[in-house]
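J.: As you go down the protein sequences, you meet chains A and B in turn. Numbering-wise (my numbering), the first sequence opens with residue 1 and increments by one. Numbering-wise (my numbering), the second sequence opens with residue 1 and increments by one.
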Amino acid sequence: MTGSAEKQQPLTDNLSQAGVGVGISDLAKHFGSLPVLANVNLDIRPGEFVAIVGHSGCGKSTLLRLVSGLDVPSHGRIEVNGRLVVDQVPEARIMFQDPRLLPWRRVLDNVGIGRRGDWKPAAMEALDQVGLASRTRDWPAILSGGQRQRVSLARALVSHPKLLLLDEPLGALDALTRLDMQRLIEGVWNRQRFTAILVTHDVSEAVALADRVVVLERGVASVVHKIDRPRPRIRGDVYLSEIEGEILSRLLERK
Amino acid sequence: MSLHLRSIIRTALPWSVPAGALLLWQAASHFQWISPHVIPNPSDVLKAGVRTAASGELLRHIGVSTARAAAGFVLGGSIGFVFGLLNGVSDTASRLLNSTFQMIRNVPHLALIPLFILWFGIDERVKVYLVALGVFFPIYLNTYHGARTVDTGLIEMGRVYGLNRAELFRQVIFPGALPSILVGVRFALGITWLTLVVAETIAASSGIGYMTMNAREFLQTDVVVLGILIYALLGKLADSATRWLEKRCLAWHPAFASSGEEMS
């Protein structure tokens, strides 16, 4: 368990240095006697967009929490940017399933949470990116679900994270809003080139956004699909549908 | 225009019942339905008010009572606030102290008046400490409850977004607990005046309570009623002040947003 095999390869394609590499080796996590993850191995290159799909309760979210340093692995190791994760990872930001905005702070102040110095211009810019520049003075309570999630995306982006962890952030949104948000996330990723790990149970979402889709089954990362398709991807593309079908049938037959 | 009229009626409506009661009262004493020894004429009460105000006596008693209420409230409230937050945030502190507080809470604090008089005589401390003891519990309980029930998702978010302990407290835990704390403040203000009425009628040589007890000795029912009304007025003022505070501090809360009028 030296972790030496996880050294990042030099970049060859269009991925820039904005992201950090993530190396996961022999990772296991159990809560009491309940095993959640068993022996996960995964290497993520800087700037790569990886999606993790699986049944609910398969340990997807746990994996994200471990990568961010919110939880401690029972076994194995995680490295972010070549450093062992022991505590909160400063270059990582999480977008949660629920927006988790502070109801007592206006939209702009929510985006600027934890920022120091003159953060307001950057927060304005982030809100502009998600199309909410006109709502800076509003309370979160009066925003719609989709708008709140966009504020939470702006909050994640304002610090220019090198690693963005997306924990089913679109799961609670309606279908159209979800498509909008997917496009938004893809656009931002395209510009900033951070490393992104998206946990989702929506296989079509995973296939549309990710460079690689990892299927997590019974605590093990079983199959990895490389999605080699130009962006923005067209919904209903035959190639994508094929992969989607493959992943779905695999998930369903194992049930 | 009818909208304007409606808004006037809306504002006037809460006052119509007290005004009606006052008229009925005046009529009852005017036509001698009730003896003035049972309850004085409202105009006599007003005269008593003017008389005592002119001599400076009224203002002095009000000042003394208000100072006691404020001192006791600040003393008991700040102790309750500190322990409420401490126990709300720290499991160890809560295990150590919470059950003790819950036990003491079940002692009616007014039952301690004889003991307090034995300890402190009838000087200022009796009143201030009694009020403080009465105020401690509602503030403690509501602060504790508020700090305990802050959304853990928000705390986790704060950690991920790089807040240190002090920032986490100031930006997440305290504002999250504030609605509950303000409920405690309102309860506590009620208890403040209640405690003061009792303490001042039993163990005092100044204050509104003393003024009414003294007037009773001379059968001055008008002054007695005046004292009661002043207590009511002071209580109402304190309540309005908290409500104003709630509106200011909880503007983000849908229930307190500017259109949310008069709830209790």
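Glycine included, each C-beta is placed from N, C-alpha and C at the ideal position.
Between the Cα of residue 203 of chain A and the Cα atoms of A:224, A:191, A:189, which residue gives the shortest distance?
T.: Among A:224, A:191, A:189, the Cα nearest to that of residue 203 of chain A belongs to A:224.
J.: Under 9 Å, CB to CB, which of the residues in the region 128-161 of chain B have a partner in chain A?
T.: Of all residues in the region 128-161 of chain B, 151, 153, 154, 156, 157, 158, 159, 160, 161 have a Cβ within less than 9 Å of some Cβ in chain A.
J.: Please confirm whether residue 189 of chain A has its beta-carbon closer than 8 Å to some beta-carbon of chain B.
T.: No, its Cβ sits nowhere closer than 8 Å to a Cβ of chain B.
J.: Thinking just about the alpha-carbon of each residue, which of A:156, A:152, A:220, A:228 is nearest to the one in residue 251 of chain A?
T.: Ranking A:156, A:152, A:220, A:228 by Cα distance to residue 251 of chain A puts A:220 first.
J.: If you run the structure through DSSP and keep just helix, strand and coil, what is residue 20 of chain A?
T.: Three-state DSSP puts residue 20 of chain A in coil, outside helix and strand.
J.: Taking 8 Å as the CB-CB cut-off, is residue 179 of chain A touching chain C?
T.: Among the chains of the structure shown, chain C does not appear; the protein chains present are A and B.
J.: Helix, strand or coil, according to DSSP, for residue 235 of chain B in the structure here?
T.: Residue 235 of chain B falls in the helix class under three-state DSSP.
J.: One question on the structure: do residue 132 of chain A and residue 150 of chain A come within less than 8 Å of each other, judged by their Cβ atoms?
T.: Yes.
J.: Go ahead and label residue 210 of chain B buried or exposed: buried means 16 or more other beta carbons lie within 10 angstroms of its beta carbon, across all protein chains shown.
T.: Classification for residue 210 of chain B: buried.
J.: Residues of chain B with a CB under 7 Å from the CB of residue 141 of chain A: which are they?
T.: Here the neighbours are 252, 254.
J.: According to DSSP, is residue 198 of chain B helix, strand or coil?
T.: Three-state result, residue 198 of chain B: helix.
J.: Does at least one heavy atom of the ligand GTP sit under 7 Å from the Cβ of residue 35 of chain A?
T.: With respect to the ligand GTP, the structure shown offers nothing to examine, as it has no ligands at all.
J.: Hey, would you say residue 95 of chain A sits closer than 8 Å to residue 34 of chain A, going by beta carbons?
T.: Not closer than 8 Å, so no.
J.: So residue 201 of chain B packs on residue 212 of chain B, CB below 8 Å; how close in whole Å?
T.: With 8 Å as the limit, residue 201 of chain B and residue 212 of chain B qualify as a contact, their Cβ atoms being about 7 Å apart.
J.: Whose C-alpha, out of A:227, A:245, A:212, is nearest the C-alpha of residue 256 of chain A?
T.: For chain A, the structure presents residues 1 to 255; residue 256 of chain A sits outside this window and is missing.
J.: Taking 8 Å as the CB-CB limit, is residue 114 of chain A close to chain B?
T.: At least one chain B Cβ lies under 8 Å of residue 114 of chain A.
J.: Considering only C-alpha positions, which residue in the set A:157, A:174, A:123, A:242 is nearest to residue 145 of chain A?
T.: The option with the nearest alpha carbon to residue 145 of chain A is A:174.
J.: Spell out whether any CB of chain A is found under 8 Å from the CB atom of residue 182 of chain B.
T.: For residue 182 of chain B, the answer is no, since every Cβ of chain A falls outside 8 Å of its Cβ.
J.: Note down, in chain order, each residue of its chain lying with its Cβ closer than 7 Å to the Cβ of residue 253 of chain B, except the 5 sequence neighbours on either side.
T.: For residue 253 of chain B, where only same-chain residues beyond five positions count, the Cβ hits under 7 Å are 179.
J.: Please report whether the beta-carbon of residue 197 of chain A lies at a distance below 8 Å from any beta-carbon of chain B.
T.: Cβ-Cβ to chain B under 8 Å: no for residue 197 of chain A.
J.: Tell me which same chain residues have a C-beta within less than 6 Å of the C-beta of residue 41 of chain B, skipping the five on either side of it?
T.: Contacts found: 29.
J.: Between the Cα of residue 46 of chain B and the Cα atoms of B:248, B:238, B:227, B:244, which residue gives the shortest distance?
T.: With distances taken between Cα atoms, residue 46 of chain B lies closest to B:227.
J.: How do the region 17-33 of chain B and the region 69-80 of chain A stand: do at least 3 beta-carbon pairs fall below 8 Å, yes or no?
T.: Short answer: they don't touch.
J.: Assuming residue 222 of chain A is part of the alpha helix (DSSP H), what are its boundary residues?
T.: Per DSSP, residue 222 of chain A belongs to no alpha helix (DSSP H); it is in the beta strand (DSSP E), 220-226.
J.: Quick one: Cα of residue 181 of chain A to Cα of residue 170 of chain A, how far?
T.: Each residue's alpha carbon lies about 8 Å from the other.
J.: So, under 8 Å CB-CB, residue 172 of chain B and residue 158 of chain B are touching, yes? Tell me the CB distance rounded to an integer number of Å.
T.: With a Cβ gap of about 5 Å, residue 172 of chain B and residue 158 of chain B count as contacting.
J.: Along the chain, which unbroken stretches of the alpha helix (DSSP H) at least 4 residues long are found entirely within the region 128-172 of chain A?
T.: The qualifying runs are 145-157.
J.: Whose Cβ in chain B lies nearer than 7 Å to the Cβ of residue 185 of chain A?
T.: By Cβ distance, chain B contributes nothing, its closest Cβ being about 18 Å from residue 185 of chain A, past 7 Å.
J.: Taking CB distances under 8 Å as the criterion, tell me whether residue 88 of chain A reaches chain B.
T.: Interface residue, yes.
J.: For residue 98 of chain A, go through chain B and note every residue whose CB falls closer than 7 Å to its CB, in chain order.
T.: The contacting residues are 153.
J.: Could you name the residues that DSSP lists as bridge partners for residue 27 of chain A?
T.: For residue 27 of chain A, which the question treats as bridged, DSSP gives the partners A:40.
J.: Taking the DSSP output, what are the residues bridged to residue 124 of chain A?
T.: Answer is none; residue 124 of chain A lacks a bridge partner.
J.: Kindly list, in the order they appear in chain A, the residues whose Cβ is closer than 9 Å to that of residue 163 of chain B.
T.: What residue 163 of chain B touches in chain A: 113, 114.
J.: Report back the beta-carbon spacing between residue 46 of chain A and residue 91 of chain A to the nearest angstrom; my notes put them in contact at under 8 Å.
T.: With 8 Å as the limit, residue 46 of chain A and residue 91 of chain A do not qualify as a contact, their Cβ atoms being about 11 Å apart.
J.: On the three-state DSSP scale, how would you describe residue 45 of chain B?
T.: Residue state, collapsed to three classes: helix.
J.: Excluding the 5 residues preceding and the 5 following residue 66 of chain B in the sequence, name in chain order all residues of the same chain whose CB lies nearer than 8 Å to its CB.
T.: Closer than 8 Å at the Cβ level, and outside the excluded window around residue 66 of chain B, lie 234.
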